[in-house]
Amino acid sequence: MADDREKMLNLPGVISALLGVMAAIQLFVAVAPPSVVHSLYDAFAFIPLRLSFLLAPQRVLAALGASPLDQGREEFATLLGAGPLVYVTPITYAFLHGGWTHLLINALTLAAFGAPVARRLGGARFLWFFGACAVAGAMLHFLLHALDATPVVGASAAISGTMAAIVRFAFTPGARLGYDSIGGIRARTASLSQLRENRQAMLFLIVWFGANLLFGAFPEAMGSSEPIAWEAHLGGFVFGLLTFGAFDHWGRQV
């Protein structure tokens, strides 16, 4: 019994490391000069318009009504094009936050939902899964807002992926969140067809999608004065739901 309580209270090392990195970055943001903070977010936040310009500059200029012969075209290109660094922002944006409150909310949800998934996958595979969910969230947001210049920050998309992963194994009969303390037994990963027959899992999915759409439409309900990138949350969640079985199977094969 004491061993079970210890496992519940102690976070996996990979979760503690992620939280530590995010907190260190936010502390740096809190004490660094404003110009440095602006440069940090300018370089590592995910900005759909910049990726669009890097992939198809002429198409972006045409969409924004800028002729290739415009005198200010080069300045415009310099403003939008941050070079190859743009390609890493679909991951780096997950480590930046809009303030301590934003970080605290994400830290609590990562600890609650990420820990069981990390215990099941192990540190290395969890990092791959976490990063892939972050990228999936950024890409869905990009597809729907390709010309948006608003920076996207926060780990919510990646955390949404871990929430979806839990649906794949936490609602099976007799499931435990992680390995059993005796014999290393763990709950089987439910297939997508099996989820449809699980009332608890379906209720969780309905509540999650409903809440995400609600907070996207009314960000004030989350205490945010800025729009919430709910599409990124959706992208991370759907990716996590669809691919967790593959990540879990990969672990049994290695």
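Numbering (our numbering), first residue to last: 160 to 413.
Beta carbons: idealized from backbone N, C-alpha and C, even for Gly.
As the structure is a prediction and not an experimental result, all values here were calculated from the model.
Query: Relative to the C-alpha of Thr248, which candidate in Phe301, Gln217, Asn265, Phe285 has its C-alpha closest?; Result: Phe301
Query: When you compare only the Cα positions, how much space is there between Leu303 and Glu390?; Result: 8 Å
Query: Between Ala222 and Leu299, is the Cβ-Cβ spacing less than 8 Å?; Result: no
Query: Among the residues of its own chain, which have a CB less than 6 Å from the CB of Gly354, if the five just before and after it don't count?; Result: One detail in the question is off: residue 354 reads as Leu in this sequence, not Gly. Around Leu354: Ala360.
Query: From Ile157 to Ile250, what does the alpha carbon distance come to, in whole angstroms?; Result: One cannot answer for residue 157 here, as it falls past the ends of the chain, which runs 160 to 413.
Query: Kindly identify the DSSP beta-bridge partner or partners of Val311.; Result: Phe205
Query: Starting from the C-beta of His261, find all residues in its chain whose C-beta is less than 7 Å away, skip the five residues before and the five after it, and write them out in chain order.; Result: Gly313
Query: So, is Asn169 buried or exposed, given that buried needs 16 or more other C-beta atoms within 10 angstroms?; Result: exposed
Query: Whole-angstrom Cβ separation of Ala293 and Gly399, contact assumed at under 8 Å?; Result: That belief does not hold up - the Cβ atoms of Ala293 and Gly399 are roughly 10 Å apart, past 8 Å.
Query: Using the three-state DSSP reduction, which class does Pro243 fall into: helix, strand or coil?; Result: helix
Query: For the putative contact between Ala329 and Ala253, defined by C-beta atoms under 8 Å, what is the C-beta separation to the nearest angstrom?; Result: About 23 Å; that fails the 8 Å criterion.
Query: Gly273 and Thr321 - do their beta-carbons sit closer together than 8 Å?; Result: yes
Query: Which residues mark the beginning and the end of the alpha helix (DSSP H) in which Ala274 is found?; Result: 274-280
Query: Measure the Cβ-Cβ separation of Ala297 and Phe205 and say whether it is below 8 Å.; Result: yes
Query: Which word fits Asp201, buried or exposed, when buried means at least 16 other C-beta atoms lie within 10 angstroms of its C-beta?; Result: exposed
Query: In this structure, how does DSSP classify Asn265 when only helix, strand and coil are distinguished?; Result: helix
Query: Taking 8 Å as the cut-off, decide whether the C-beta atoms of Arg327 and Ala295 are in contact.; Result: no
Query: Note down, in chain order, each residue of its chain lying with its Cβ closer than 6 Å to the Cβ of Pro207, except the 5 sequence neighbours on either side.; Result: Phe301, His304, Ala305, Asp307
Query: Measure the CB-CB distance between Phe406 and Phe288 and report whether it falls below 8 Å.; Result: yes
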